[in-house]
Every structure is written in structure tokens, then in C-alpha cells.
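The structure appears below as C-alpha cells.
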Amino acid sequence: MVIGTGGEIVCDSTIFVLFLFIFSIPTASSLTACAWWCPPNPPCVNTDACRCIPGFRFISFSGEIFTDPLESCDDINECGPPSPVDCGSSADCQNTEGGYYCTCSPGYEPVSGAMIFRNESENTCREVDECQHRPRVCKGLSICINTEDSYTCQCPPGLEFTPEDQRHCTDVNECISGRNPCHSSAHCLNSVDSFECCCHTGRKLIQWPKQHTQGLHSWRPSLKTSNHILIGTHRNQTERSLGVPCCVRCYTF
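Numbering (the UniProt record's numbering), first residue to last: 1 to 253.
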């Protein structure tokens with residue numbers, strides 16, 4: 001470009017051609033230059049193509065290399081169809097951007113101590129024993145029973161869960177209304193996981209059953225005196241769970 005004598009701008013074709021020639025000369029960097037339109041994740045192949053990094057593929061096709069500036073790379077969900085990763089039994093696949101990993105399913109833990117792994121051959125998942133890992137998960141006298149993927153709390157015979165907490169056991173009061181197992185001639189004395197039938201004042205024990213049988217179960221009193229009988233503890237007897245009443249009767253002196 002030059003300025004004419006009259007102040008007008010005149011293009012100099014020689015200068016323009018020289019400009020194009022200089023900037024068209026290949027250099028060492030231009031020979032390996034990347035396509036300027038490649039997205040951030042994929043590296044370029046050359047000035048005309050881009051390649052998706054492992055774990056990604058361009059959206060329109062399943063290949064890795066693309067030459068369309070309108071294309072982009074999308075994350076491959078290794079955990080989904082059509083060919084999900086096999087993490088093995090009791091394990092779950094977790095997809096990440098550009099990759100994946102396997103973890104043990106809830107209620108299971110890795111034997112080796114490694115929290116994540118890649119496939120079934122590395123899987124060492126085993127069921128978690130909540131009763132060992134959480135020894136106080138069941139409160140008081142309740143018993144922890146390990147189950148598949150979880151646990152449950154059970155009360156020993158003679159105890160029952162409190163209404164407020166199904167993991168805490170309390171004594172069953174056999175002597176309250178509706179549960180009194182003693183004969184009308186005796187009164188009931190409750191104790192932890194057992195009870196006593198005592199003759200009213202002025203009465204004496206007249207009948208002492210050696211053993212009571214109901215179906216395949218049987219029970220027997222564990223102690224007898226002249227005026228009261230102690231029913232065996234629920235840890236060893238089944239009379240309350242079977243609903244067997246104490247048939248002890250008392251007579252007047």
C-alpha cells in the first residue's frame with residue numbers, strides 16, 4: 001500500500017504478494033501445529049484433525065479422530081450399556097469423567113483393604129458383619145443378629161423392646177394386668193426375666209406341677225417353698241412365649 005500524489009490510497013500488488021509468500025512458508029512448528037478449533041480435552045492429530053483422549057469419544061460416531069470443527073468429545077459411560085464394566089458380585093461401577101472405578105456395594109467391604117478396584121479379577125468384596133464392626137449397635141441386653149446387607153436386634157426371652165427404641169430391651173412385667181400367670185389365690189411378684197407366684201396371706205401351696213407340656217415344648221418350676229413358687233427364668237424356660245399359665249393354687253390354713 002502506497003499513498004498517491006493526490007492523497008489517495010493505492011495498493012501495491014508486489015507488496016501484497018510478498019506478504020502472502022512470507023506467511024505461507026512452512027516452519028517446524030507449523031508442520032506439527034494443532035487445529036485451532038480442537039476442544040480443550042482432545043489433543044490434536046495435525047492441523048486438520050483432533051483425537052479424543054481415552055475415556056472420551058466424539059458424539060456423532062464411535063471413533064476417536066474427527067475433522068469436523070462442530071464435533072466435540074463426550075465422556076464414555078463405562079458403567080452403562082452396551083458393554084458395562086463387570087465389577088463382579090456385590091460391587092458397583094462408578095462412572096467418572098474419562099474413566100470409572102468399582103466399589104463394594106452397601107453392606108460389603110473389600111477384604112484387601114483397597115476401597116476401589118477396576119474389574120472382577122480385583123474384586124475381594126465380602127459381607128460386612130455389622131455386629132462386629134458396631135458392637136454397640138444393639139443397646140442394653142438386646143442381641144445383635146447379622147443378616148445379609150444389614151443386621152437386626154433381638155431381645156432375649158423375658159425381655160421386650162421399649163416403645164421408643166427398637167434396639168433397646170427392657171424387662172417384661174409378667175404381673176401386669178392381662179399377663180398375670182398366677183392363680184387367683186396367689187399374687188405375682190415380677191423380677192428381671194422371671195416372676196414368682198406367692199400365696200396370699202393365710203394360704204399355703206396346695207398344688208405344685210412337676211412339669212407342664214404343650215406341644216413340643218415343656219417347662220417346670222425351678223423352686224418351691226411352702227407358700228410360693230418361682231418360675232424358671234426366661235433364659236431357660238419357654239412358658240411366657242408359649243402363653244402357659246402357672247397352675248399353682250393355694251389353700252387356706
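In this text, a Cβ means the ideal position worked out from N, Cα and C, and glycines have one as well.
Buried/exposed call for residue i, threshold 16 Cβ in 10 Å
i    : result
C181 : It should be noted that the sequence gives Pro, not Cys, for residue 181. Buried is the call here.
S194 : buried
G178 : exposed
A186 : buried
S121 : exposed
S112 : exposed
L70  : exposed
CA-to-CA distance, residue j to residue i, given in whole angstroms
i           : j    : result
G107        : D92  : 12 Å
D171        : C131 : 23 Å
S72         : P39  : 7 Å
D68         : G98  : 21 Å
F117        : F58  : 27 Å
P156        : G140 : 11 Å
H228        : D149 : Only weak support exists for where H228 lies, its pLDDT of 49 falling under 50; the coordinates are left without a value.
V137        : Q94  : 29 Å
E127        : L159 : 29 Å
T124        : P110 : 5 Å
C169        : C153 : 9 Å
E196        : S184 : 13 Å
W37         : P81  : 31 Å
P163        : R134 : 23 Å
D74         : N119 : 23 Å
S191        : N173 : 8 Å
R203        : Y151 : 50 Å
S90         : P43  : 38 Å
T47         : S105 : 46 Å
F161        : C144 : 13 Å
residue 272 : Y101 : Since the first and last residues shown for the chain are 1 and 253, residue 272 lies out of range.
residue 309 : T201 : Look at the range of the chain in this structure, 1 to 253, and you will see that residue 309 is not part of it.
Supposed contact pair residue j and residue i - C-beta distance, whole angstroms, cut 8 Å
i           : j    : result
residue 256 : D165 : No statement about residue 256 is possible, as the shown extent of the chain runs from 1 to 253 and does not include it.
V45         : I65  : 6 Å
T96         : M115 : Contact doesn't hold; Cβ gap of about 14 Å is too wide.
C175        : C188 : 4 Å
Residue-level contact to chain B via CB, residue i, 8 Å cutoff
i    : result
T170 : Absence of chain B from the displayed structure is noted, only one protein chain being present.
Q.
For a minimum of 3 consecutive residues, which ranges assigned as the beta strand (DSSP E) are wholly contained in the UniProt domain "EGF-like" (127 to 170)?
A. 143 to 147, 150 to 154 and 159 to 162
Q.
With three or more C-beta pairs closer than 8 Å as the rule, is the segment 80 to 88 touching the segment 46 to 53?
A. no
(Q) Just to confirm the assignment: which complete beta strand (DSSP E) runs, minimum length 3, are found wholly within the segment 80 to 123? (A) 91 to 96, 99 to 104 and 108 to 110
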